[in-house]
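> Here you go, one structure.
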Amino acid sequence: MKYLITILTIAAFTSILLGFFLEVDYAQKLIGFGVTGLFLVVFPIFSYYRWKDKDPKDYMLTKENLEKMNASQRDKKS
859 MKYLITILTI AAFTSILLGF FLEVDYAQKL IGFGVTGLFL VVFPIFSYYR
909 WKDKDPKDYM LTKENLEKMN ASQRDKKS
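Position 18 (the sequence shown) corresponds to 876 in the numbering used here; numbering is contiguous.
Listed below in structure tokens is the structure:
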């Protein structure tokens, strides 16, 4: 999965750069496909890969998590 994300990212950036530097009729399409591929393909795959084994409740600001943060801040100051 890591290699797929890397390859797709490189392909998207290559498409964007080729669109900027090549003087062809379809240069704007290259840029558009690169940006679209980056945000509609690469970013969702990357997000899934990074979050697949994590619990979203650990990152929400619930009363319990706020109490844990306050307790850890008090421990650091002591």
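No residue lacks a Cβ here, since even glycine has one placed at the ideal position from N, Cα and C.
1) Tell me, to the nearest whole angstrom, how far the beta carbon of glycine 890 is from that of leucine 866; I am working on the premise that it is less than 8 Å.
2) Distance, Cα to Cα, alanine 929 vs glutamate 922?
3) Spatial neighbours of proline 914 within its chain, please: C-beta separation below 8 Å, excluding the five flanking residues on both sides.
4) Check tyrosine 884 in the structure and name its three-state DSSP category.
5) I'd like the span of the alpha helix (DSSP H) that includes aspartate 933, first residue to last.
So, to answer that:
1) Between leucine 866 and glycine 890 the Cβ distance is about 16 Å, and since that is not below 8 Å, they are no contact.
2) 11 Å
3) none
4) coil
5) 921-935
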